[in-house]
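The sequence shown begins at 269 in my numbering and counts up by one.
In this text, a Cβ means the ideal position worked out from N, Cα and C, and glycines have one as well.
Computed from a predicted structure; not experimentally measured.
Taking it in order: structure first as structure tokens, then the write-up.
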Amino acid sequence: MLLLSTLAAVALAAPRPPPEPSPAEQERDALRGELEALEQAHDELTAAHDLAVQDAAAAQAEVEALAYLVERARILLDDRADPEERERAAAELAATGDVRALPFLRAAAGQTTPTVQEAAVRAALGFEDPEGVSPAQVFLEQRDAPKEPRLAIVDALGEHQTPQAAQVLWDVGANDDVQARIRAAAFDELRESYPSELDGFGTPPPIADAFGALTFVTASGLAGGVLLSSFGVWGQFDAGPALGAIGGSAIGLGSGALYAATRPVTAGDGLALASGVSFGLTYGAWTTTAVHGAWRYLDWPDRDDVVQPAAAWRALGVVGGGAIGLFSVSRNPTAWDVLEVDTATYLGSGIALGAVGLLTYRPPEDDGTTFSSFTSFGRPRGISARRQYDREASQRLALAELVGATAGATTGYLLHDRWQLHWQDGAIASVLAAEGAWAGNWTPPLLAIQDADLKGNIRLPLHLFAAGGLVLGELTEPSYGRSLSTAFGAGVGNALGASIPMVAGYDDARSIATWMVPLGLAGTAAGFVVEPMIAPTPGDAAMIGVTTAITGTTGMWLGLALDDQEVWIDSGQGTGLGLLTTGLGGLGAYGLSAALDPRVDDVLVVGSASAFGAGYGALIPLALASDPAASTVLYGTTASELVFAGASVVGVRAGLKPRSVVIPELLGLSGGTLGALVVGLVQDDGQYVAMGALVGGTVGIGVGALGNVVIANNSQPRSLARWRPQRAPIVIPTFRPEVGSSGETVPTVGVDVLGW
């Protein structure tokens, strides 16, 4: 019984199998599975659609970018298109930053329009890609391209400061097919901007230069001719000097030509040998004078005694100078290295000569004979005190030149590695040298020194100021504009300084020098200092020049008129008034130009109007009177000039176009000329001729003004462009999304053809 109970309990506790789902439940479960599958498929399709849209948008953007590149490149490479439009296309390609533009820029750099080539190269240099410098190499190695744009690109590569730019400079410099000037500029830029890279490249190869070879051969011929002619002087044969000169020149020319034909001769090599031989010859002449006195102060017997020693000194000088020149050649100098040493040598000799002359040259006032003797032929031989003094003074002065030149050459040689001479340095040095010489010329009357034999008062400040200008140029690197500003300041200062005493009636040299020298020096300094602050533009320069001319001529004519009416106490006052108005006008224009920011064409309109008005004003009194007073003509000229200038200024400020002034002026000038010529056919009276010119000019002005009105009314904008077919069609692949018939979005591929 217990067993049965236990079995029954176990049987009741055992799990029962699940019941079978009904058909409806089975169908519902199946539908739920299909729904989940559909939702998953929907999600997958949606993701695929979104991805396709994104890919299509990216592809379309890529197509648009490529189309833009192709369109800009088509304009850039079209040599029949306007150069300015092609330059803009180059800039627009650079603005994209897309490196795919570089092949187009490289192709443009190899074309034949210099401005477009330079624009393409500069556009490529704006890319950070290493290939951005390749168009520059193409442009620099093109022999037919102008030198100036290529030299500008060399400077741009120096500013690029990348190893790739340094490599291009080295490759261009080492390319024998490139012009020597471009190669030299490339190596100079490497030395200045990439010294470490240049050390890695090695020593730049010498650059053969036609000028250098010619200079080298010429210097060799000169050395040979001087050397053998000097030996001929020591012989007994009268034709020895001529024979030596001819033979020696031929030997020297042949030797120099053989040397130049077997190895590259640079401009620096040629200048080094030429400088050595030239200075050696000069040293020989200086030494002869220092030992024996200047040739012109020697008596004839003494001159005969000096012939052979002079030949010896010439020979020694040429041998020594040639040896120094060849030593310099062995060190591969640049042309600037040689010019720097030569400049220092010249300045040293000039400073020493000026200083010694100023300090020691005091010839005797009495020109009496110091002693008298007789030659073996009984001919009297007298030497005056002045002649003897000049002979001894010439020895001192020649010795001073020797010492100064040697000191200058030594200084230049020691400093040539740290001294970089440029043309801009020469410009500022020339301006300062001119002002120094001018001030030195007026210093004796300033200091009340009356010495007609004074030496060095011009030479010493000239060379000192020139040396100071070179130092200033090395320290400040002034532009040509700054040198012009310095020269203008010097001119204004001297004009104002001279005008003050002259207008006051004091026109003696000391009174003028008292004001002019210090104001001239002050103006020079002011012009140099102020220029960077104002930074004059071409329009400013035009305004300064035109205003100075107008005010100067106005003052001059007024001064002449007042002198004609005997208003002045002294005739120099009229000149002083002209100088005063010139200085004040220039000074005022310099200050106002920065505030007004004038345009060049507007300023030229004012200048031409004032000149036309001056002529027109001079005709009026001549036409009204047969013999007008000079002051009347001058007053009319001045007034008309100022009226025309003022009217043109008002017109320019009101928007007057230059053409509106030039046309009436041109027709007025033509009418005035024709009117005067026609009247002159039948009349010889100047009054009638002036009337004819006045009437003809007035008619011409009227016709020109009427023509301006007609042109303004009839002018319609017209296009100068004409249609022309595309030279070659361009096929571009395109990618765009499209919606299929079942609603799905799929990317499609097509092509667009441009140029049809």
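Classification of residue i by the beta-carbon crowding that lies within 10 angstroms, buried from 16 upward
i	result
E288	exposed
L526	exposed
Y224	Outside the shown range of the chain (269 to 1024) lies residue 224, about which nothing can therefore be said.
F595	exposed
F505	exposed
L393	buried
L988	Annotation note: pLDDT 43 at L988 (below 50); position unreliable, no value reported.
T380	exposed
H428	buried
R451	buried
E633	exposed
A583	buried
D870	buried
A695	buried
M801	exposed
S402	buried
D865	exposed
E703	buried
G859	exposed
D808	buried
R354	buried
Top-ranked residue by Cα proximity to residue i, from the options
i	options	result
A529	D477, S652, A817 and A695	D477
A420	A453, A540 and V930	A453
G1026	A448, P431 and T483	Nothing about residue 1026 can be read from this structure; the chain reaches only from 269 to 1024.
K723	V597, N709 and V406	N709
F484	I514, G544 and V446	G544
A535	R564, W604 and P382	W604
V446	E457, P472 and D412	D412
S751	L738, Q656 and V440	L738
D776	S747, A513 and D838	D838
A333	R354, S652, D347 and V367	V367
L627	L665, Y956 and L437	L665
L934	M959, G975 and V957	G975
T257	A507, A424, G943 and V978	Lying outside 269 to 1024, the shown extent of the chain, residue 257 is not represented and no answer is given.
Beta-carbon gap between residue i and residue j smaller than 8 Å
i	j	result
G939	G968	yes
T792	T849	no
G593	A540	yes
S517	G493	yes
Q841	V760	no
G972	I931	yes
L344	A376	yes
L700	G736	yes
S488	G524	yes
A877	V929	yes
E399	L370	yes
A363	A388	no
S779	I812	no
E386	G426	no
I888	L937	no
A734	A675	no
T613	W581	no
W465	A434	Checking the displayed sequence, the identity of residue 465 turns out to be Glu instead of Trp. The answer is yes: Cβ separation under 8 Å.
A781	P713	yes
A891	Q955	yes
Q718	G561	no
Y629	A661	yes
P631	D610	no
8 Å contact criterion, which residue i and residue j should meet: CB distance rounded
i	j	result
L361	R374	Between R374 and L361 the Cβ distance is about 11 Å, and since that is not below 8 Å, they are no contact.
E742	Q692	Incorrect: roughly 10 Å between the Cβ atoms, too far for contact.
A857	T821	No, A857 and T821 are not in contact; Cβ-Cβ is about 14 Å, not under 8 Å.
V586	G548	5 Å
Y551	L670	7 Å
E608	L689	5 Å
G1056	A794	What is shown of the chain runs 269 to 1024, which leaves residue 1056 out entirely.
L728	I619	7 Å
P509	G520	That pair is no contact at about 16 Å.
Could you tell me which whole alpha helix (DSSP H) segments of length 4 or greater appear in the segment 566 to 629? 568 to 598 and 603 to 628
Every unbroken beta strand (DSSP E) inside the segment 852 to 890 [3 residues or more]: none
My parser needs the alpha helix (DSSP H) runs of 4 or more residues fully inside the segment 348 to 394; what are they? 351 to 364, 370 to 377 and 382 to 393
In chain order, which continuous runs of the alpha helix (DSSP H) of length 4 or greater are located wholly inside the segment 806 to 843? 806 to 832
Please specify which runs of the beta strand (DSSP E), each continuous and at least 3 residues long, are wholly inside the segment 648 to 708, giving them in chain order. 648 to 652
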